[in-house]
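Counted from 1, the sequence shown has number 41 at position 41 by UniProt numbering; the numbering is strictly sequential. For each residue, glycine too, the CB sits at the ideal point set by N, CA and C.
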Amino acid sequence: MGTPRGHPGDTEGDLESLGTFGDTQGPLRAILGPFRAILGPFWGHFVPFWGHFCHFTAILGSFSVTLEPLCAILGPFHVILGSFRAILGSLSAISGPFSAILGP
1 MGTPRGHPGD TEGDLESLGT FGDTQGPLRA ILGPFRAILG PFWGHFVPFW GHFCHFTAIL
61 GSFSVTLEPL CAILGPFHVI LGSFRAILGS LSAISGPFSA ILGP
């Protein structure tokens with residue numbers, strides 16, 4: 001799969017070329033070994049996807065930073081609308097039996 005890295009039985013694989021699993025030692029390396037062997041052929045397809053995913057989350061993070069002031073401005077309105085919704089809900093609960101008695 002690769003060339004020896006200096007540790008007995010340790011070879012440099014496709015996954016380690018990114019440095020993701022390259023520094024893992026001990027029991028974790030033993031656990032991840034089979035997964036590295038299975039994921040090796042697919043890793044070339046996964047890495048571009050991961051890069052796009054990280055880019056997408058960075059874009060979402062910038063929107064989050066942009067929306068924070070807007071959320072701070074709209075927060076009190078949300079509380080006010082929530083209290084109106086609670087009032088309307090209680091009025092609906094009170095008027096429910098009357099509408100059942102009086103009909104449509």
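- Residue environment for residue 85: exposed (fewer than 16 other C-beta atoms within 10 angstroms of its C-beta).
- Within the model, the alpha-carbon separation for residue 54 versus residue 40 is close to 21 angstroms.
- In this structure, the alpha-carbon of residue 75 lies about 31 angstroms from that of residue 96.
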